[in-house]
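Here the numbering used here is used: position 15 in the sequence shown is 29, and no number is missing along the way.
All residues carry an ideal CB built from backbone N, CA and C; glycine is no exception.
These numbers come from a predicted model, not from an experiment.
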Amino acid sequence: MMMTTQVALTSCQDYEEAAVETSVRNLLDLLGGIGAFVHPGDSVLIKPNLLAPKPSGSAVNTHPAVVRAVLKQVLKAGGRPVIGDSPGLGSAKKNAVRCGIDKIARDLEVPIIEFRKSVLVGKAGKSGFPLELAEEALNANVIINLPKLKTHGQVLMTLGVKNMFGCVIGIRKAQWHLKAGVNRDAFAKMLVEIYTTLSPALTLMDGIVGMEGNGPGSGTPRPIGLLAASADAVALDAVIMHLMGMDPLRLPTLRSAKKLGVGEVSLNRIEILGEKAGKIGIRDFKWPESADLEWRIPDFVMKMLKSSLSAYPESDPTLCKQCEVCVKACPQQVIKIEGDHLRIDTRRCIRCFCCQELCPHGAMKTRQGWLLKRIKKRSL
15 MMMTTQVALT SCQDYEEAAV ETSVRNLLDL LGGIGAFVHP GDSVLIKPNL
65 LAPKPSGSAV NTHPAVVRAV LKQVLKAGGR PVIGDSPGLG SAKKNAVRCG
115 IDKIARDLEV PIIEFRKSVL VGKAGKSGFP LELAEEALNA NVIINLPKLK
165 THGQVLMTLG VKNMFGCVIG IRKAQWHLKA GVNRDAFAKM LVEIYTTLSP
215 ALTLMDGIVG MEGNGPGSGT PRPIGLLAAS ADAVALDAVI MHLMGMDPLR
265 LPTLRSAKKL GVGEVSLNRI EILGEKAGKI GIRDFKWPES ADLEWRIPDF
315 VMKMLKSSLS AYPESDPTLC KQCEVCVKAC PQQVIKIEGD HLRIDTRRCI
365 RCFCCQELCP HGAMKTRQGW LLKRIKKRSL
């Protein structure tokens, strides 16, 4: 069978500058070199994950060493790069300063831009969402997508496809979470349509140190020692799920991509270049506590046992500073401060876990329904 989709993998054990630059160059060479993606004079949007103002060691944001290595390749090819994102907390520039990307940008004289103008792109797609995306992303000749390998409370993992959600500006993110409600597949379908509309030329994932547990903002850094790249972020995400010992179709974005005919999900039609997958297997990976059993429970059973088989956010009073970030971030407005504690109306909660994702203190934990907790305990 002829392989048409390629995903390149390489081991890289730490963020030492020379090692990362060599690994990134080797990855790109496997895919035809940077010249296959960037031509002289191209305006190039570098789209890292700049979720929050956290230091590079937290594994919350794409590491500056990876951004530096990619920028050097783009500049070498004659491209005109800028770095941009629209994070859920803080601003792109503020977060870049905190994690060290700002220094890289200044050293290489590359601007960091804020996404300011939201543009309506055509009519609602199959997800039912009219796409409103950052004009700065739509106007770029080339987008290079630099996701971080992390868990995610709502959609299990945030990898290549999900990272493009950062091209939705500010408050629009909360509005789209609200429209999707508890329907993960609808939200995932919208993420795939964003990815398809923006069509990044290259996705290069930082998995040197990833995040497991309650990501994407409050999980635990996990050394993995992996960099991966592909022109097809769907195929890249499928390979990463496979490396973690998980059926790629467990990932809502990959299920939606398959239904919509976007990218390549089938592993037998993906050619892996560079490191053999068997050498980079990610063992005993800790999934988010918020992952419930909805993906494999019939609808009529789920309706009856929803509260018992689901997981909901819960505040840890010993960590909560009552900063109200979660109150403002909640698209459903179900979080309130009452006296010295937070109250979450779980009856109206849509389980998007935006509160957990954006809490700057790591105070938002997960409360599992009694039946979900019992089933998971028996499965250990």
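Annotation note: the segment 278-304 contains the following uninterrupted beta strand (DSSP E) runs of length 3 or greater, listed N- to C-terminal: 284-288.
Pairwise C-beta distances place the segment 248-268 out of contact with the segment 52-64, as fewer than three of them are shorter than 8 Å. Distance from the CA atom of Lys350 to the CA atom of Phe299, rounded to whole angstroms, is 34 Å.
With 16 or more other Cβ atoms from the protein chains shown falling within 10 Å of its own Cβ, Leu356 counts as buried. Under the three-state reduction of DSSP output, Thr211 falls in the helix class.
In the pairwise beta carbon analysis, the segment 167-180 is classified as not touching the segment 45-57: fewer than three pairs are separated by under 8 Å. In the three-state DSSP reduction, Gly180 falls in the helix class (H, G or I). Judged by beta-carbon spacing, Leu268 lies beyond the 8 Å limit of Val253, meaning their Cβ atoms are not closer than that value. CA-CA distance, Met204 to Val276, rounds to 12 Å. If you ignore the 5 residues before and after Ser232, its C-beta comes within less than 7 Å of the C-beta of Gln370, Cys373, Gly376, Met378, all in its own chain and listed in chain order. Relative to the Cα of Lys176, the nearest Cα in the group Ala110, Cys344, Leu250, Pro235 belongs to Leu250. The beta-carbon separation of Val38 and Val81, rounded to 10 Å, does not stay under the 8 Å limit for a contact. Taking a contact to require three or more Cβ pairs closer than 8 Å, the segment 69-79 and the segment 226-240 qualify as touching. Closest in alpha carbon position to Arg297, among Asn282, Ile238, Val279, is Ile238. Lys342 and Pro101 have their C-alpha atoms roughly 14 Å apart. Under the three-state reduction of DSSP output, Ser232 falls in the coil class, being neither helix nor strand. Here Glu30 is exposed: its Cβ has fewer than 16 other Cβ atoms, across all protein chains shown, within 10 Å. Arg357: not part of any alpha helix (DSSP H); member of the beta strand (DSSP E) spanning 355-358, first to last residue.
Distances from the alpha-carbon of Asp354 to those of Leu333, Cys344, Thr360 put Leu333 closest. Judged by DSSP secondary structure, Gln20 falls within the beta strand (DSSP E) whose first and last residues are 19-25. Following the DSSP letters along the chain, one finds His256 inside the alpha helix (DSSP H) bounded by residues 247-257. The criterion of a C-beta distance shorter than 8 Å is not satisfied by Ala243 and Leu89.
Here Asn282 is exposed. Its C-beta has fewer than 16 other C-beta atoms within 10 Å.
Fewer than three pairs of CB atoms, one per stretch, sit closer than 8 Å, so the segment 148-166 makes no contact with the segment 358-365. DSSP, reduced to helix, strand and coil, places Thr36 within a helical segment of the structure shown. Remark: C-beta atoms of Ser270 and Val182 do not approach each other more closely than 8 Å.
Note on geometry: alpha-carbon atoms of Ile284 and Trp301 lie some 25 Å from one another. Taking Arg236 as the centre and dropping the five residues before and after it, the same chain places the C-beta of Gly224, Glu226 closer than 6 Å to its C-beta, in chain order.
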